[in-house]
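Asks:
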Amino acid sequence: MSPRTRLFSVVAGSLLLTACGSPPAALPAGPARPHVSIDLPSSGVVPPPAYPTYPSGPVYPTSTYPTSTYPVGTYPTGTYVVPTRTTTGTVPPATSPTPTPSRAAPCAGQPTGAEILAEVKESDAVPSGTLTVSGGPYCSGAWSFTTIGKSGAEPLSVVTTGAGDTLTIVTLGTDVCNPQVQAQAPAAIRVFACGF
């Protein structure tokens, strides 16, 4: 152990011994408290405290109000006549100002469903696969409307003009109500393509 460490140990030990000092002195006794005794009745039950009584206040008179009686009336009874409204003339039947035209009838001859399918298969807009005619063809003039389907795909509508070698696709797809169909197609074909 180094001399410094020994010196530090001696100093620390003497500080500890002097810090303790002598034990504390006893606390001085306070003033004496008076002894209070309570006398209980022989039954051991403490009676309730007695409260002072106060004189009652003035008595106010109560008022009575007169009651009124109202006459019971009788009301005349009568027969009431409800006037009837009469109209003259005739009422026109409720009709639509522009009735929907009738749909085109099935084609009697050309174009056939097979001819429509052959023309559709040559189009690049239709994916390859087995196509079937699910509705039509319906003809009006030189125009026709056909619905074709492919398994697992949404049905397609085809609007064509002509027949045989002159058969031409006007439009093909899920929505065939284009401006050309609206402006040029017969009303019976437009009902299929556009709904009007």
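According to mature numbering (1 follows the signal peptide of the UniProt record, and there is no 0), the stretch in the sequence shown is residues -25 to -1, 1 to 171, in order.
From the three backbone atoms N, C-alpha and C, an ideal C-beta is built for every residue, glycine too.
Looking at C-alpha atoms only, which residue of Gly170, Val134 and Gln155 is the closest neighbour of Gly111?
Replies: Taking the sequence shown and counting its residues from 1, one reaches residue 111 at position 136. Of Gly170, Val134 and Gln155, the residue nearest in Cα terms is Val134.
Asks: Whose CA, out of Ala80, Tyr29 and Pro130, lies closest to the CA of Thr149?
Replies: Along the sequence shown, one-based indexing puts residue 149 at 174. Nearest C-alpha to Thr149: Pro130.
Asks: Taking 8 Å as the cut-off, decide whether the C-beta atoms of Gly137 and Val108 are in contact.
Replies: Counting from one through the sequence shown, the residue named residue 137 turns up at place 162. Counting from one through the sequence shown, the residue named residue 108 turns up at place 133. Not in contact: Gly137 and Val108 (Cβ atoms no closer than 8 Å).
Asks: Could you pull the start and end residues of the beta strand (DSSP E) that Gly111 belongs to?
Replies: The residue given as residue 111 occupies position 136 in the sequence shown. First-last of the beta strand (DSSP E) with Gly111: Leu106 to Ser115.
Asks: Less than 8 Å between the beta carbons of Ala79 and Phe171, yes or no?
Replies: Translated into the one-based positions of the sequence shown, residue 79 becomes position 104. Translated into the one-based positions of the sequence shown, residue 171 becomes position 196. No, the pair does not count as a contact, with Cβ atoms beyond the cut-off.
Asks: Helix or strand or just coil, what does DSSP make of Thr135?
Replies: As a first step, residue 135 is located in the sequence shown; it is residue number 160 there, counting from the start. Note: Thr135 maps to strand in three-state DSSP.
Asks: Run through DSSP, which three-state label would residue 219 get?
Replies: Absent from the structure is residue 219, since the part of the chain shown begins at -25 and ends at 171.
Asks: Please list, in chain order, all residues of the same chain as Ser98 whose beta carbon is under 7 Å from its beta carbon, the five residues on each side excluded.
Replies: By one-based count along the sequence shown, residue 98 stands at place 123. Within the same chain, Ser98 has close Cβ partners Ile144 and Leu147.
Asks: Since Asp121 contacts Ile91 with CB under 8 Å, what's their CB separation in whole angstroms?
Replies: For the purposes of this step, residue 121 is taken as residue 146 along the sequence shown, with counting starting at 1. For the purposes of this step, residue 91 is taken as residue 116 along the sequence shown, with counting starting at 1. Strictly speaking, residue 121 in this sequence is Thr, with Asp absent from that position. Between Ile91 and Thr121 the Cβ distance is about 5 Å, and since that is below 8 Å, they are a contact.
Asks: Just verifying my parser: in three-state terms, what is the DSSP assignment at Thr141?
Replies: Along the sequence shown, one-based indexing puts residue 141 at 166. Helix.
Asks: Rounding to the nearest angstrom, what Cα-Cα distance links Ala117 and Val95 in this structure?
Replies: Within the sequence shown, residue 117 is the residue found at index 142, counting from 1. Within the sequence shown, residue 95 is the residue found at index 120, counting from 1. C-alpha separation (whole angstroms): 18 Å.
Asks: Express the C-alpha separation of Val20 and Tyr26 in angstroms, rounding to a whole number.
Replies: The residue labelled residue 26 in the question sits at position 51 within the sequence shown. The residue labelled residue 20 in the question sits at position 45 within the sequence shown. For Tyr26 and Val20, the distance between alpha carbons rounds to 18 Å.
Asks: So is Val34 buried or exposed if we call it buried at 16+ other beta carbons inside 10 Å?
Replies: Position 59 of the sequence shown, counted from the first residue, corresponds to residue 34. Val34 comes out exposed.
Asks: What first and last residue would you give for the alpha helix (DSSP H) that runs through Phe167?
Replies: Locating residue 167 in the sequence shown gives position 192, where the first residue counts as 1. Counting along the chain, the alpha helix (DSSP H) containing Phe167 begins and ends at Ala162 to Cys169.
Asks: Using the C-alpha atoms, what's the distance from Pro76 back to residue 178?
Replies: Residue 178 lies beyond the stretch modelled for the chain, which goes from -25 to 171, so this question has no answer here.
Asks: Using the C-alpha atoms, what's the distance from Leu142 back to Gln159?
Replies: The residue you call residue 159 lines up with position 184 of the sequence shown. The residue you call residue 142 lines up with position 167 of the sequence shown. For Gln159 and Leu142, the distance between alpha carbons rounds to 16 Å.
Asks: Kindly identify the DSSP beta-bridge partner or partners of Pro81.
Replies: Position 106 of the sequence shown, counted from the start, is the residue given in the question as residue 81. For Pro81, which the question treats as bridged, DSSP gives the partners Tyr113.
Asks: If I follow the unbroken alpha helix (DSSP H) through Ala158, where does it start and stop?
Replies: Residue numbering aside, residue 158 sits at position 183 when the sequence shown is read from its first letter. Run containing Ala158: Pro154 to Gln159, per the alpha helix (DSSP H) assignment.
Asks: Under the three-state reduction of DSSP, which class applies to Gly148: helix, strand or coil?
Replies: To locate residue 148, count along the sequence shown from 1; it is residue 173. DSSP places Gly148 in strand when its eight states are reduced to three.
Asks: Cα separation between Gly139 and Pro81?
Replies: What you label residue 139 is simply residue 164 of the sequence shown in a count that begins at 1. What you label residue 81 is simply residue 106 of the sequence shown in a count that begins at 1. So the alpha carbons of these two residues sit roughly 16 Å apart.
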